[in-house]
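With the working numbering, letter number 137 in the sequence shown gets 211, and the count goes up by one each step, no holes. Every residue gets a Cβ at the ideal spot worked out from N, C-alpha and C, and that includes glycine. Reviewing the structure listed below.
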Amino acid sequence: MKITSIKAWQIFDSRGLPTLEAEVTLASGARGRGLVPSGASKGQFEALELRDADPKRFRGKSVFKAIANIENQIFPALCGANAFDQEALDRMLIEFDGTPNKSRLGANAILAVSMGVANAAATMRNEPLHSYLSEGRGSLLPIPEIQIIGGGAHANWRTDVQDFLVIATGARNLEEVMEVTHNVYHAAGDILRSRKKYFGVADEGGYWPEFERNEDALDLLVEAICRAGYTPGREASIALDIAASDLYSVEKGRYRFNLENREFTSSEFIGVIADWCDRFPIVSIEDPLADTDWDGWHEIIGTLGSSIQIVGDDLFTTNAQRISTGIEKCAANAVLIKLNQIGTVTEAIEAIRLAQSAGWQPIVSARSGETEDAFISHLAVATNAGQLKVGSFSRSERMVKWNELLRIQRDLGARAEFIGFSKARQVRERKRE
Ligand code: PGA
Ligand code: ZN
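Quick look at the structure:
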């Protein structure tokens, strides 16, 4: 089924910043859109997000060059190509760009087209995207990781740690996950309101972090879980995204908590995290160390890796080469997967497969700047990834992903599987042994 047209426009993300939408049309008239998200705490090894850098337009953030690249370069190259061969098309895009980080055409331009092709092909087949991408083999509903408090780059550095999240570790199905999350999220809001510390929400819909120490947010999470009627560590547990690259000075070789005016060597920082893990029901930590501190990553896996999910986001940037290095160095046991860190659907799926083949946990993830699109909910199910992280339990650019997951569950009917957090960990451990 041939591609007959690709058009692109500037749209706006959940922060009101410019981003891209591409629309791919096939010979049958079937159409598919690709909407590109955008990060704030970006990893230095991510594929390049092409912005115009013209201070006179949209404060330098417009994406008209990327749009022109789609219409004047990518479309002529893909015109007439078979939309059902996603992998071949993505490889053409990678080669046509020709740079290691997609800086010639822009990863945002390339990804918009890659996602648009997948959506157009699924529409053409009259299949939901998850089923099209997996040829009907995707059936595992991912366990959501849901932000309760947002900090770091998403809340003007009010806390150093970026995400304080919960995982419904005791849930037996997706409905229970939603109920536990709903109850904990609103209990946390009630507590903040009663203490006159409710100041609205941060970029991903989690509460604005009004705390004296990073650890105070952990206390609040435990309290919210109890207030909601659950036992911390049983029905609901804690996950963190420290986004530590943002806290690290390469020159000094030190991590810094500005909020508490404290500095740490890599080993001391691991000590702080290990102490939190002793005292709080933490099950997962993302980017506990900086993306250049490979020795630190290796050390933390030795200290915590047998009991805690250690997730590389900025460390890997969804890049198969970096993930392979991580596997060799035994530097993590889970990988965050963000489509726009790498720039094509095929490479994101490849990164998921690579993690799975090493017995690592892939976690499909949104960005802090999101759109109304729910592609990633389908991607998570299509790849049987097992975990999904899209921010909090409020604001429609977040809820659209959770709501879509519920729709996918209905669509899968009896084929839908849910194995929850602990069982999934056991399965992976057996695989690693
Ligand atoms: P970002 O944050 O989208 O701003 O990079 C999300 C994350 O770090 O997981
Ligand atoms: Zn992260």
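Nearest-angstrom Cα distance between G90 and V275?
-> 16 Å
For I450, which residues of its own chain have a beta-carbon under 8 Å away from its beta-carbon, when the five flanking residues on both sides are left out?
-> L413, V438, S439, A440, L462, V464, K475
In chain order, which continuous runs of the beta strand (DSSP E) of length 3 or greater are located wholly inside the region 201-248?
-> When DSSP assignments are scanned along the region 201-248, the uninterrupted stretches of beta strand (DSSP E) that are 3 or more residues long and fall wholly within it turn out to be 217-224, 237-241.
Helix or strand or just coil, what does DSSP make of D367?
-> coil
Contacts around R301, its chain only, beta-carbon distance under 6 Å, and the 5 residues preceding and following it disregarded | If we look at R301 and ignore the five residues flanking it on each side, its Cβ neighbours are A261.
Rounded to the nearest angstrom, how far is the Cβ of L214 from that of G460, given a contact under 8 Å?
-> 6 Å
Which full runs of the alpha helix (DSSP H) of 4+ residues lie inside the region 125-164, going along the chain?
-> 138-143, 149-152
Cβ of L67 within 8 Å of any heavy atom in the ligand PGA?
-> In this structure the chain extends from 75 to 507, so residue 67 is not present and cannot be described.
Alpha carbon to alpha carbon, what distance is there between A422 and G190?
-> 15 Å
Can you tell which of E289, R287, L294 has its C-alpha closest to the C-alpha of Y281?
-> L294
So, are the CB atoms of D62 and L410 less than 9 Å apart?
-> As shown, the chain starts at 75 and ends at 507. That puts residue 62 outside it, with no answer to give.
Sheet register partners of A121 (DSSP bridge) = A121 is not bridged to any residue.
Check V110 in the structure and name its three-state DSSP category.
-> coil
Mind pulling the beta strand (DSSP E) runs of 3 or more residues that sit fully within the region 304-345?
-> 311-315, 328-331, 336-338
Hey, could you find the ends of the alpha helix (DSSP H) G190 is sitting in?
-> 181-199
Identify the continuous alpha helix (DSSP H) that holds I382 and give its terminal residues.
-> It is not in any alpha helix (DSSP H) - I382 carries neither H nor E in the DSSP assignment.
What are the boundary residues of the alpha helix (DSSP H) that V419 is part of?
-> 419-431 is the span of the alpha helix (DSSP H), which, as asked, contains V419.
Should R469 be listed as close to the ligand PGA, given that the test is whether its C-beta is under 8 Å from any heavy atom?
-> no
Residue from P283, F338, A127 whose Cα sits closest to the Cα of K270 | Closest option to K270, Cα to Cα, is P283.
Are D171 and L163 touching if we call contact CB-CB under 9 Å?
-> no
Apply the 10 Å Cβ neighbour rule to P150 and answer buried if 16 or more other Cβ atoms are within range, or exposed otherwise.
-> exposed
Between A229 and G279, what straight-line distance do the alpha-carbon atoms span, to the nearest angstrom?
-> 10 Å
Per DSSP, cross-strand counterpart(s) of L410 | For L410, DSSP records a beta bridge to I437.
Taking I265 and S358 to be in contact with their CB atoms under 8 Å, please state how far apart those CB atoms are, rounded to whole angstroms.
-> Actually they are not in contact, since the Cβ atoms of I265 and S358 sit about 23 Å apart, beyond 8 Å.
Under 9 Å between C-beta atoms of V251 and I299 | no
T224 and D234 look like a contact to me (Cβ under 8 Å); what is the Cβ gap, rounded to whole Å?
-> The residue asked about is misnamed: residue 224 is Gly in this sequence, not Thr. Contact between G224 and D234 fails: their C-beta atoms lie close to 13 Å from each other, not under 8 Å.
Presumed contact (8 Å Cβ cut-off) between K116 and G417, rounded CB distance = No, K116 and G417 are not in contact; Cβ-Cβ is about 13 Å, not under 8 Å.
By how many angstroms is the C-alpha of S268 removed from the C-alpha of R427?
-> 46 Å
How is the alpha helix (DSSP H) around W476 delimited, first residue to last?
-> 470-486
Indicate the three-state DSSP secondary structure (helix, strand or coil) for A276 in the structure shown.
-> coil
Beta-ladder partner(s) of T99, from DSSP | Beta-bridge pairing links T99 to S79, R105.
Beta-carbon contacts of Q84 that lie in its chain and below 6 Å, excluding the five residues immediately before and after | P92, V137
What is the residue span of the alpha helix (DSSP H) that S466 lies within?
-> Taken as a continuous stretch (DSSP letters only), S466 belongs to no alpha helix (DSSP H), being part of the beta strand (DSSP E) at 461-466.
Can you name the residues that DSSP bridges to G386?
-> V409
Which stretch, first to last residue, makes up the beta strand (DSSP E) that contains S358?
-> 356-360
Inter-residue CB distance, L94 and M75 (contact presumed, cutoff 8 Å) = In fact, because the Cβ distance is near 24 Å, the residues do not count as touching under 8 Å.
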